[in-house]
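This note's numbering puts the first residue of the sequence shown at 1237, with every later residue one more than the last.
The structure appears right after this line, and notes come after that.
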Amino acid sequence: MAPILEIKNLTHTYSAGTPFAHKALDNVSFTVERGEFIGIIGHTGSGKSTLIQHLNGLLKPESGEVLLDGKNIWSEKQLTRLSRFRVGLVFQYPEYQLFEETVYKDIAYGPKNMGLDDGEVDRRVREAAGFVGLTEEQLEVSPFDLSGGQKRRVAIAGVIAMEPEVLILDEPTAGLDPVGREEILSNIQSYRQAKNATIMMVSHSMSDVARLTDRLIVMNGSHLAMDGTPGEVFTRARELMDMGLDIPELTRLFLILKQKGLPVEPVYTMEQAVAALRELKGGNCNA
1237 MAPILEIKNL THTYSAGTPF AHKALDNVSF TVERGEFIGI IGHTGSGKST
1287 LIQHLNGLLK PESGEVLLDG KNIWSEKQLT RLSRFRVGLV FQYPEYQLFE
1337 ETVYKDIAYG PKNMGLDDGE VDRRVREAAG FVGLTEEQLE VSPFDLSGGQ
1387 KRRVAIAGVI AMEPEVLILD EPTAGLDPVG REEILSNIQS YRQAKNATIM
1437 MVSHSMSDVA RLTDRLIVMN GSHLAMDGTP GEVFTRAREL MDMGLDIPEL
1487 TRLFLILKQK GLPVEPVYTM EQAVAALREL KGGNCNA
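Below, the structure is given as structure tokens:
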């Protein structure tokens, strides 16, 4: 089966032709398979946010292509419009974009723009609310009366209600407490499993991307620096740190153990750490 998204030689320069020109993306290419959970990591200014805004046509490439189901999303106006429904984008701190008088109306805004009938809009609003843990009662209140974490859920539900095949999230847990972080990540997983959706998540949390994603894309200085499984990427921990990136705490700990002469390789999940310590103890570790 063909990839759902194909990014070919994507280049984008801000303020091109001026003394303030800045190349945010330089010849970036990769494919995205259906159902994948991809993490996008990189230091501030590496091109992550610029990249994801190209994937549903919010930004037009200076050169290169974004193909959705094999078709260039800029080849026809209708394709560009449809790509914004099929590839849903949740910005960082999306709760600041809420504006309707009730939660229901805010979630319904996208489906209504798709031209769906009232019955289908209603079904999608209630299903999306369910994915993010909002109650029937909360649908009728003003979003501005909710907590910060609940507002975040409303904003995510508004994108989910369009039933995108690809859901892209820019730092979806930023500013939330640990409980709120886990709830949002669980909501995202629920949507993925129910709809077999493709998820792409920009995150600074190496522990989150290590345990949740199938694959990591690492951006560095407008280039795609790495593309592989979490295991393949975090094995190159030194290179990541040289780029100014953090690594999972477990990976950092095992690097220190290796430096001290213990026969261990870097790990990035608790399960791997337990297995490695058991092996080190000859199977007698009860961790």
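Backbone N, C-alpha and C define an ideal beta-carbon position, used for all residues, glycine too.
Since we're looking at a predicted model, the values are computed, not measured.
Rounded to a whole number of angstroms, what is the C-alpha to C-alpha distance between residue i and residue j?
i, j, result
"residue 1261", "residue 1309", "18 Å"
"residue 1264", "residue 1486", "30 Å"
"residue 1459", "residue 1283", "8 Å"
"residue 1289", "residue 1469", "24 Å"
"residue 1446", "residue 1274", "10 Å"
"residue 1466", "residue 1326", "23 Å"
"residue 1251", "residue 1353", "42 Å"
"residue 1488", "residue 1513", "15 Å"
"residue 1425", "residue 1496", "38 Å"
"residue 1502", "residue 1464", "16 Å"
"residue 1246", "residue 1301", "6 Å"
"residue 1287", "residue 1517", "45 Å"
"residue 1399", "residue 1364", "9 Å"
"residue 1278", "residue 1388", "23 Å"
"residue 1362", "residue 1372", "8 Å"
On a Cα-Cα basis, can you pick out the residue from the options that is closest to residue i?
i, options, result
"residue 1331", "1517, 1291 and 1394", "1394"
"residue 1328", "1384, 1257, 1456 and 1353", "1384"
"residue 1381", "1335, 1349, 1424 and 1413", "1335"
"residue 1305", "1471, 1430 and 1267", "1267"
"residue 1269", "1451, 1420 and 1281", "1451"
"residue 1272", "1429, 1511 and 1518", "1429"
"residue 1249", "1297, 1412, 1506 and 1507", "1297"
"residue 1350", "1318, 1374 and 1361", "1318"
"residue 1409", "1398, 1346, 1431 and 1423", "1423"
"residue 1437", "1431, 1427, 1443 and 1449", "1449"
"residue 1457", "1237, 1285, 1492 and 1360", "1285"
"residue 1294", "1411, 1276 and 1313", "1313"
"residue 1416", "1427, 1386 and 1254", "1386"
According to DSSP, residue i sits in a beta bridge with which residue or residues?
i, result
"residue 1479", "Paired residues: none, contrary to the question."
"residue 1273", "1435"
So residue i and residue j are supposed to be a Cβ contact under 8 Å. How far apart are they, rounded?
i, j, result
"residue 1435", "residue 1403", "5 Å"
"residue 1367", "residue 1396", "6 Å"
"residue 1291", "residue 1323", "6 Å"
Of all Cβ atoms in chain D, is any one closer than 8 Å to the Cβ of residue i?
i, result
"residue 1497", "In the structure shown, chain D cannot be found, because there is only a single protein chain."
Beta strand (DSSP E) runs wholly inside the stretch 1285 to 1314, at least 3 long, in chain order: 1299 to 1304
Length-filtered (3 minimum) beta strand (DSSP E) runs lying within the stretch 1360 to 1447: 1402 to 1406 and 1434 to 1438
Beta strand (DSSP E) runs contained entirely in the stretch 1449 to 1511, provided each spans 3 or more residues: 1451 to 1456 and 1459 to 1464
Every unbroken alpha helix (DSSP H) inside the stretch 1327 to 1351 [4 residues or more]: 1339 to 1349
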